[in-house]
Amino acid sequence: MTLLRDLGRRKLRTSLTILGITIGIWALVVFGSMANKINALVAGGSEFYTGKVTVSAAGGQMGFGNPLSIDAADRVARLPGVGAVVPGVNMLLSDQMTGVSFGMPQMIEGQVAGADRGRETFTLHYASGRALTSADEGSNVAVLGSDLARQGDTRVSDTITLRGETFRVVGILEPTLTAPDGAAMIPLAAAQRLFVRSLPSLVSAKLDPATVVTGITIYPSPGTTAETVAAEIRAASPDLAVMTGADFDRQIGSATAILNSILVGIALISLAVGGLSVINTMAMSVAERTREIGIKRAIGGGRRRIVRELVTESAVIGFLGGAVGLALGAALVLVVNEAGRSSGTLLFQLTPGTALTAVAFSTVLGAVAGLVPALHAARLDPVAALRYE
473 MTLLRDLGRR KLRTSLTILG ITIGIWALVV FGSMANKINA LVAGGSEFYT
523 GKVTVSAAGG QMGFGNPLSI DAADRVARLP GVGAVVPGVN MLLSDQMTGV
573 SFGMPQMIEG QVAGADRGRE TFTLHYASGR ALTSADEGSN VAVLGSDLAR
623 QGDTRVSDTI TLRGETFRVV GILEPTLTAP DGAAMIPLAA AQRLFVRSLP
673 SLVSAKLDPA TVVTGITIYP SPGTTAETVA AEIRAASPDL AVMTGADFDR
723 QIGSATAILN SILVGIALIS LAVGGLSVIN TMAMSVAERT REIGIKRAIG
773 GGRRRIVREL VTESAVIGFL GGAVGLALGA ALVLVVNEAG RSSGTLLFQL
823 TPGTALTAVA FSTVLGAVAG LVPALHAARL DPVAALRYE
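Count along the sequence shown from 1, then add 472; that gives the number in this note's numbering.
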């Protein structure tokens, strides 16, 4: 009760101080959740590309880009250390991209099911329906990612139109929090047909869809590393763009680290301003309560008790600001994610770790910010403090 009374002495000043902490924690929660989403996408991509090699046409990357002759798969398959070769097609779901998102856009992915010979380690789980099989080649069937299915309120046995063709949905994936959530997976032949049709007419007229892919995924033989196979491919076919999981981590991971630093830096600047406001509030509180502190010291109150009381008071200010900031930040994250859920645009991922860190950080920040005024108060001479007007 004494603590609440002390906080309530200057209600407006205390409220403004809590507001300063609230704004900082709100920024930390929002930007931290944005960074979590980016990191989840990158972690999913890193897991997907680990232990394999992806080959694209010159100028392409991650199996996406310019047309690539399927003959390249035969060339790669003859190299030492190659265990399985899977030609595939990756293309945008639509040329008209809308909304704001992090990571891969919505995609159409096509390959022959089972061509990896059981070497794929990135496991997909199905919310309903089934996976594609090699028997599906030649038919228009599709497996949809969770976000893509939610966007169209699509269920198994429904139909979906992909670039002008109708496909029957045979499976819907559970959320992965990464690229597959926005993907439509179809048989290779259908993907080849859609890809060639999407090219300029002067180009598509010269291509046989059955001979065109956008990328090739190579699985090394047991005992052979992806880096070794990648080196063999680069030496034998310098015209191909080659990427391993390590390349993905270097290229994407470094960019992600910079972006995360910017996002967290903005939040920390806001928190620093809030911390300064706590120092100001506590310094003024000490000045106003100098006589009270002198009385406590005169009747035997120790310096540690004075420090403890004032630091606890400032920590409570930090905690209240953190709790309110977390609530407001979580509300914004929820509202924005729900607004974008129907279109598959999820910008934030608020984790329990982020929430606990935000409140703990604000509490510690408040305590540390109040430490200097508290130490100053503890060092006051009791006689001089009693004479203070």
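Backbone N, C-alpha and C fix where the C-beta goes; we use that ideal spot for every residue, glycine too.
Inset, instruction - Work out the CA separation of residue 844 and residue 492 for me, nearest whole Å. - result: Counting only the Cα atoms, residue 844 lies some 19 Å from residue 492.
Legend entry - residue 651 versus residue 717: straight-line alpha-carbon distance, rounded: Residue 651 and residue 717 have their alpha carbons spaced roughly 15 Å apart.
Inset, instruction - At 4 residues or longer, and completely inside the segment 663-711: list those alpha helix (DSSP H) runs for me, N to C. - result: Correct list: 673-676 and 698-708.
Legend entry - Of the residues 710, 784 and 713, the one placed nearest residue 838, counting alpha carbons only: Selected option, being the one with the closest Cα: 784.
Inset, instruction - Out of 788, 807, 805 and 803, point me to the one whose CA is closest to residue 831's CA. - result: It is 788.
Legend entry - Those runs of the beta strand (DSSP E) which lie wholly inside the segment 482-537 and span at least 3 residues: Within the segment 482-537, the complete beta strand (DSSP E) runs of at least 3 residues are 525-529.
Inset, instruction - May I ask you to check if the CB of residue 732 is nearer than 7 Å to at least one heavy atom of the ligand FMN? - result: The ligand FMN is not part of this structure, which contains no ligands at all.
Inset, instruction - With a 10 Å radius around its C-beta and 16 neighbouring C-beta atoms as the bar for buried, classify residue 572 as buried or exposed. - result: Low per-residue confidence applies at residue 572: pLDDT is 47, beneath 50, and the placement is therefore not dependable, though the value from the model is reported in the following sentence. Exposed, by the Cβ-count rule.
Inset, instruction - Leaving out five residues on either side along the sequence, give the residues of the same chain with a beta carbon under 7 Å from the beta carbon of residue 519. - result: Closer than 7 Å at Cβ, skipping near neighbours: 594.
Inset, instruction - State whether the segment 683-703 contacts the segment 554-562, with contact taken as three or more CB pairs (one from each stretch) at a distance under 8 Å. - result: Taking 8 Å as the limit for Cβ pairs, the verdict is that the segment 554-562 does touch the segment 683-703.
Inset, instruction - Tell whether a beta-carbon distance below 8 Å holds between residue 778 and residue 727. - result: Using a Cβ distance threshold of 8 Å, residue 778 and residue 727 do not count as a contacting pair.
Legend entry - Residues sharing a beta bridge with residue 601, DSSP: In DSSP, residue 601 forms a bridge with 643.
Legend entry - Beta-carbon contacts of residue 698 that lie in its chain and below 7 Å, excluding the five residues immediately before and after: These residues qualify, in order along the chain: 523, 524, 525, 692, 716 and 717.
Legend entry - Alpha-carbon spacing of residue 488 relative to residue 632, whole angstroms: Going from the Cα of residue 488 to the Cα of residue 632 covers about 53 Å.
Legend entry - Spatial distance of residue 861 from residue 793 (CA atoms): For residue 861, the predicted structure reports a pLDDT of 48, less than 50, and the residue's modelled location is therefore unreliable. The matter cannot be settled from this model.
Inset, instruction - Give the DSSP-derived three-state secondary structure of residue 824 in the structure shown. - result: Helix.
Legend entry - Inter-residue CB distance, residue 587 and residue 603 (contact presumed, cutoff 8 Å): With 8 Å as the limit, residue 587 and residue 603 do not qualify as a contact, their Cβ atoms being about 13 Å apart.
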